[in-house]
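Encoded as structure tokens, the structure appears first; notes follow it.
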Amino acid sequence: MRVIYSEDHKLRDAKTELHGGELVKPFEGPFRVEWIRAALKEKGFDDEVAPRRYDLTVPLKLHDAGYLQFLETVWERWLSAGFTTEAIPISLPVRRSYYARPPHNIDGLLGYYANSVETSITEGTYEAAIAAKDCAMTGADYLGEGHRLAFALCRPPGHHAGIDLFGGYCFLNNAAIAAQRMLDNGARKVAILDVDFHHGNGTQDVTYERDDIFFASLHGEPDDAFPYFWGHREETGKGRGEGYNANFPMPRNTAWPAYSEALEAALKRIAAFGAEALVLSLGVDTFEKDPISFFRLKTPDFRTMGARVAGLGIPVLTVMEGGYGVHEIGDNVANVLIGLEEDGA
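Mapping to full-length UniProt numbering: the sequence shown position 220 is 220, numbers consecutive.
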């Protein structure tokens, strides 16, 4: 399986995160990717290539143009305002009231485009996000060239990035961008399956009114887990997208038996949709030792997960999302890919 990886992910190296009322060392950092790469090479996944370069034509089909301009310019504007630390939003518009609009002040602008405040913007954030997007698009093109499997080792992750919102360590929605690229390449229907512990609220945001992308998310109960305000079962799509969004929230301490039932239900929905290709938003923070999640999956479960997904019998692009704080994230990612190859190569 081809692995698409960019060294540019290292350009984003945040030093602070707001957690538990304190500024702490971020749970998301370059070390995550190095753990994953080491495990992949140990398991024989050594076909690693750099991404191709793409412009913003595809992202602009999903993200607001003003938001993309904000991402590109926010760091320089932050420095120009006289600040020297990482940029963290301090004021968010209440539920995005209808009269809210992007202000000129950089503090206000940060708040306008943020959906949470744990995620700082640093030097190199935009460049790293662009590289991650390019990894995802390269993977989509690779499948379009006739291959069945690919892994886009994206960092920063993307599934919390909405039409015009960043947060949850995410800035551009890599998975949705990959799905759009597949459609642009000729696919009629593409599914996105998000198995990260946290609901893919950004992906839901950009696909919620569409009938050519089916989105399914397996995640922690939103009453109890970030991002809190999205991910309920009754969120099923809107307009043309009604019926093409499926959420499977689960409670604390969910282990493989219950998780696998939700996975099977999601896969059945995807099969019924008639997807011609799948984007697998892979977060391994469902692991029992993950420091900011509360599911109880074990390392062997991820191999079974990959095999179940491969059972769909369609091309799969795996896009990296979350998984934090423990070296086992590398083994867990590798196990998913092994499962995919065993049943889907």
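Ideal placement from N, C-alpha and C gives every residue a C-beta, glycine not left out.
When beta bridges are read from the DSSP output, L317 appears opposite A150 and V279.
K298 and G325 have their C-alpha atoms some 15 Å from each other. Within the same chain, and ignoring the five residues on either side of T318 in sequence, the residues whose Cβ sits closer than 6 Å to its Cβ are F151, L280 and L282. In the structure shown, the three-state DSSP call for P89 is coil. Per the coordinates, the alpha-carbon of A255 lies some 41 Å from the alpha-carbon of A65. Per DSSP, reduced to three states, the secondary structure at I130 is helical. Judged by DSSP secondary structure, R2 falls within the beta strand (DSSP E) whose first and last residues are R2 to I4.
Under the DSSP definition of a beta bridge, N247 partners with S217.
F302 carries a helical assignment under DSSP once its states are collapsed to helix, strand and coil. Closest in alpha carbon position to I121, among G186, T203 and I88, is I88.
Between the alpha carbons of D223 and A114 lies a distance of about 20 Å. Here C170 is bridged, per DSSP, to G167.
At a Cβ-Cβ threshold of 8 Å, L267 and F248 do not count as neighbours. In the three-state scheme derived from DSSP, where H, G and I count as helix and E and B as strand, I292 is classed as coil.
The C-beta separation of G168 from S116 comes to about 6 Å, placing the pair in contact by the 8 Å criterion. A direct Cα-to-Cα measurement between I4 and S80 gives close to 35 Å. Here A176 really is in contact with T203; their C-beta atoms are around 5 Å apart, less than 8 Å. About 6 Å separates the CB atoms of L172 and P59; that is less than 8 Å, so the two are in contact. Pairing P51 with D107 gives a Cβ-Cβ distance that is not under 8 Å.
Pairing N253 with R296 gives a Cβ-Cβ distance under 8 Å. The shortest C-alpha to C-alpha distance from P227 to any of P26, D205 and K25 is the one to D205.
Using a C-beta cut-off of 8 Å, the segment 26-40 makes contact with the segment 326-335, since at least three inter-stretch Cβ pairs fall below that distance.
V24 is bridged by DSSP to E17.
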